[in-house]
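Input: a single structure, listed below in structure tokens.
Number of protein chains: 2
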Amino acid sequence: MSAEFVELTATEAAGKIARGDISSEEYTRALIAQVDSIEDNVGAFQHLDRDHALAQAKERDAYRANGNALGPLHGVPVGIKDCIDTSDYPAENGSALFAGRRPYKDATVVTKLRAAGAVIFGKTVTTEFAFYHPGKTKNPHDLERTPGGSSSGSAASVAAGMLPLAIGTQTNGSIIRPAAFCGVFGMKPSHGLVSRAGVLSHSRTLDHVGPFARSLDDIGLILDAMAGYDENDPDTKPYAVPDFHSGVKQKVPLTPRLAYVRTPVWDKADKATAEAFEELAESLGEIVQRVELHAPIYGHAWDDLRAIMSADMAHSHGKIVGRGGDAASQTLRDFIADGRKVTAARYLEAISQAKQYTHALSDFFDHYDAILTPVSAGVAPKGLGATGDPAFCSLWTLTGLPAISLPLLQGEGGLPLGVQLVGPMGRDARLLRTAKWLLNHLAHDQEAEVA
Amino acid sequence: MSAEFVELTATEAAGKIARGDISSEEYTRALIAQVDSIEDNVGAFQHLDRDHALAQAKERDAYRANGNALGPLHGVPVGIKDCIDTSDYPAENGSALFAGRRPYKDATVVTKLRAAGAVIFGKTVTTEFAFYHPGKTKNPHDLERTPGGSSSGSAASVAAGMLPLAIGTQTNGSIIRPAAFCGVFGMKPSHGLVSRAGVLSHSRTLDHVGPFARSLDDIGLILDAMAGYDENDPDTKPYAVPDFHSGVKQKVPLTPRLAYVRTPVWDKADKATAEAFEELAESLGEIVQRVELHAPIYGHAWDDLRAIMSADMAHSHGKIVGRGGDAASQTLRDFIADGRKVTAARYLEAISQAKQYTHALSDFFDHYDAILTPVSAGVAPKGLGATGDPAFCSLWTLTGLPAISLPLLQGEGGLPLGVQLVGPMGRDARLLRTAKWLLNHLAHDQEAEVA
């Protein structure tokens, strides 16, 4: 019974709870049982109060029993990365420098999740300052491998069936990469779609908040609750947002066309990954065209992201890290030291360049529905001392375009290998629709081969 | 007849044109006659095509004769600072580096003025790059004195009766200071109220566009046409704006209370100015309270503005000025060289500080309707080699608060001495109402003294 609950998607679980087939309490207890059986190995949670999660679930059940109208996530537990504030748990940002920090209010995105009926289950492990230095989390597919970072615990908790949904953050590759390494769906929405108010701030230009799930429908379901205007995040816009959950299921008006883009960092891809992508592109036939992003134009994007991110982090965290001495990792201290050397002129040029890349790519989406590209150089690397290279994510973070990691391929040893789809700015619903079409198309192909 | 036209306010002229008492052509001819009689001395215009101005006026008259509904500025000539693009004149930014530059479209604010019926009369002189190095303009009150800068021609043309209205820009003190030196009304609206798209860009944080006029009602009249959302200026907001022209005339609900703020740069004020302000504050009695802005909190604001402005200008103009050699002034080259040295961390800290000043001052406006403070150290300085010190304007530009210069006082030799009123963020209509109340209050006092 418990095992069956663990396999439910969030959409299924929300449906069952709404219809009264199961209670939020039963569902939450089943997830806690899964945590009890596997968390000691995986280490996905930084803060977890089982009684508090159950108390919320019971309150949700009582609310339903009183005949109230229910939100789309009513009674569904969600994990929150520990660099995102909640009023009921600590938020320690993966660093001893924030040990015991207790926010007095929810981040906007958490407020929105609660308003949609979610149970705020627990706080998931982030790397130090949501940067590179790893936390305790291991990859559920192979406990000797990294789950990726910085949203390590969010990706691992969903992959291990401890939660149907979790949220994380990305300033370079911190949602898309762990999603791929852990074999789940992860989305970095368009810059400005989800509020960052109450989230550890690295960079106004680069910071994004996004979800993890085990189905694409679930990504749409939770994105509906997360997206929208917040006067406390100046990059969100006071416009209506589409219905993402319905959007996922919309029929495509035309057969999508995908651009297979290897990007100027293609040389980083290992042999198995390169072959898997070439094969995927081949198998999709006319749907896919190969497109090069020319290095003279796009080749500086990685330096531009580094200049912006290091300077913004020197500004945001320079004081506390400077005071913290050895309590901060050398990696973080070195990056902030580099950031202090960036001139304002270089910083402003990099931000201008980022806008130009976004602008140049906007024409691109007149011809293609989405870009098909790797998430990472390969499967989750061995060892727990590093979280992998975000290079295949950097350009899409810098440009603010929406990106999804789809657990479509298998690499070395049968480990998950993510496929990244990148869509036009602000067209997140269209990207979800294109991604769903691709999933269906590949499933049909396989059936055809079998038959 | 012509002389009578020259003394009309824009509100009066627009009324007469709308009623058919005068035509736009007659009015424009009268202004051209005034230009012919005085422009050789004042030098307010960079580009002026009399036939083009008359052609627009005739077109406006024909439009009215056809029974069309008229905009609020129908048939009224307006001067445009030469760092603001129009499709019908060059825009040379006061620099040989832009000689012969012909924009292919109007700045958003010019499009809006045309849509309100304005005649785009000509382009007014800006200092080099709208920075310090002066253009040819002289102060109409004393041809041996500076008109102030950088919106020198806009202020002087309105002061000399060559135009009823003109627009300029301010990144430090470039509207408020020349308005004061030339004895006219000038307004720097709240940051984000008027679009900067199509305007020479120094700094997204500091750049403002605002009007000059010979009455406060006229400031409201033209601000109605200038204000509002523009998707090409990311700091404008998609909200409705109030009716400023009506706002000016609104009765105040309570007797306003003003904070007389001498600011941390008070020592710069010359003796006559200091005395004039002490006297004004004294004469207003209980309406005014003296308030200190403490130097430990606000004293760094001037350095913060300089860091932001120099870094942003190094980014915006570093390349063209670097290539231009001697064609750029030493002042400009030195400032840009300083800007190149600013680190991104210092730049970002200064922007954070600016927000903190704005935030700290917002509480202030719970107690006071406006801040009463000098515009400048004194009357327009002698000599045409410099445009005066913007120090009394810097804090209000950095914080983005709306500010008006009122030609209320006289200084040395009977020359105009401006009084600056600063209002709460985004409450431009309220600031206009408070300013109007102050004008009326002082006029009544004088009448009372006379009687």
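Quick mapping for you: the protein sequence lines, in order, are chains S and V.
Under this note's numbering, the first residue of the first sequence carries the number 6, and numbering increases by one thereafter.
Under this note's numbering, the first residue of the second sequence carries the number 6, and numbering increases by one thereafter.
Note that beta-carbon positions come from the ideal geometry of N, C-alpha and C, so glycine has one too.
Three or more beta-carbon pairs under 8 Å between the stretch 323-337 of chain S and the stretch 130-143 of chain S, yes or no? yes
Can you tell me whether DSSP reads S:LEU289 as helix, strand or coil? coil
When the Cα atoms are used, what is the spatial distance from V:ILE313 to V:LEU403? 9 Å
What are the residues in the stretch 329-355 of chain S lying within 8 Å of chain V by C-beta distance? GLY344, ARG345, LYS346, VAL347, THR348, ALA349, ALA350, ARG351, TYR352, LEU353 and GLU354
Residues that V:HIS320 contacts on chain S, provided the C-beta gap is smaller than 8 Å: ALA349, ALA350, LEU353, GLU354 and SER357
Comparing C-alpha positions only, which one of S:ASN237, S:GLY166, S:SER179 and S:THR260 sits nearest to S:ALA218? S:GLY166
Quick check on this structure: which residue in V:ILE302, V:ALA104, V:GLN294 and V:VAL347 has the alpha carbon closest to the alpha carbon of S:ALA316? V:VAL347
Does any CB atom of chain V fall closer than 8 Å to the CB of S:GLY84? no
Whole-angstrom distance between S:GLU12 and S:SER357, CA atom to CA atom: 45 Å
Quick check: the Cα distance between V:PRO395 and V:GLY383, rounded to an integer number of angstroms? 11 Å
Identity of the residue in S:ALA101, S:ARG438, S:PRO379 and S:ARG432 nearest S:GLU284 by Cα: S:PRO379
With 16 other CB atoms within 10 Å as the buried threshold, where does V:PRO145 fall? buried
Answer yes or no: does any C-beta atom of chain S fall closer than 8 Å to that of V:ASP317? yes
How would you list, in chain order, the residues of chain V whose beta-carbon sits under 8 Å from the beta-carbon of S:PRO386? Within chain V, no residue comes near S:PRO386; the closest Cβ sits about 32 Å away, beyond 8 Å.
Could you list which residues in chain V have their beta carbon closer than 7 Å to that of S:GLY323, in chain order? ALA350
On the CB-based measure, 16 or more other CB atoms within 10 Å of its CB, does V:GLU454 come out buried or exposed? Since pLDDT at V:GLU454 reaches only 41, below the 50 mark, its modelled position is unreliable, and no value is offered.
Does chain V have any CB closer than 8 Å to the CB of S:PRO429? no
Out of curiosity, what's the CA-to-CA distance linking S:ALA448 and S:GLY84? 30 Å
To the nearest whole angstrom, what separates the beta carbons of S:LEU426 and S:THR439, a pair I think is in contact under 8 Å? 7 Å
Where do the N-terminal and C-terminal ends of the alpha helix (DSSP H) with S:MET318 fall, by residue? 306-329
For S:LYS128, count neighbouring C-beta atoms within 10 Å of its own C-beta (all shown protein chains included) and say buried if the count is 16 or more, exposed if not. buried
Can you check which of these residues, V:ASP45, V:LEU411, V:GLY323 and V:LEU436, is closest to V:PHE370 by C-alpha distance? V:LEU436
Shortest alpha-carbon distance to V:ASP229 belongs to which of V:SER410, V:ALA355 and V:LEU118? V:LEU118
Length of the line joining the Cα atoms of S:TYR352 and S:ALA164: 38 Å
S:VAL81 and S:MET231 closer than 8 Å at C-beta: no
Report all residues from its chain with a CB closer than 6 Å to the CB of V:ALA456; omit the five preceding and five following residues, and keep chain order. Reliability of the predicted coordinates at V:ALA456 is poor, the pLDDT of 37 falling under 50, and no value is obtained from them.
Comparing C-alpha positions only, which one of S:GLU291, S:ALA350, S:GLY419 and S:ASP223 sits nearest to S:ALA434? S:ASP223
I want to see whether chain S comes within less than 8 Å of V:PRO152, judged by CB atoms only; does it? no
Under 7 Å Cβ to Cβ from S:LEU420, same chain only, skipping five residues before and after it: list those, please. HIS146, ASP147, VAL384 and ALA385
Check V:GLY154 in the structure and name its three-state DSSP category. coil
Closer than 9 Å, Cβ to Cβ, to anything on chain V: give me those residues from the stretch 207-229 of chain S, in chain order. none
Near-chain S residues of the stretch 227-252 of chain V - C-beta to any C-beta below 7 Å: PRO243
Going by DSSP, which residues form a beta bridge with S:HIS213? S:GLN175
In chain order, what residues of the same chain lie with their CB nearer than 6 Å to the CB of V:SER159, ignoring the 5 residues before and after it? GLY84, LYS86, THR129, ALA171, GLY173 and PHE217
How long is the line joining the alpha carbons of V:SER288 and V:ILE376, rounded to whole angstroms? 16 Å
Sort out for me which residues DSSP pairs V:LYS128 with in a bridge. V:HIS52 and V:ILE85
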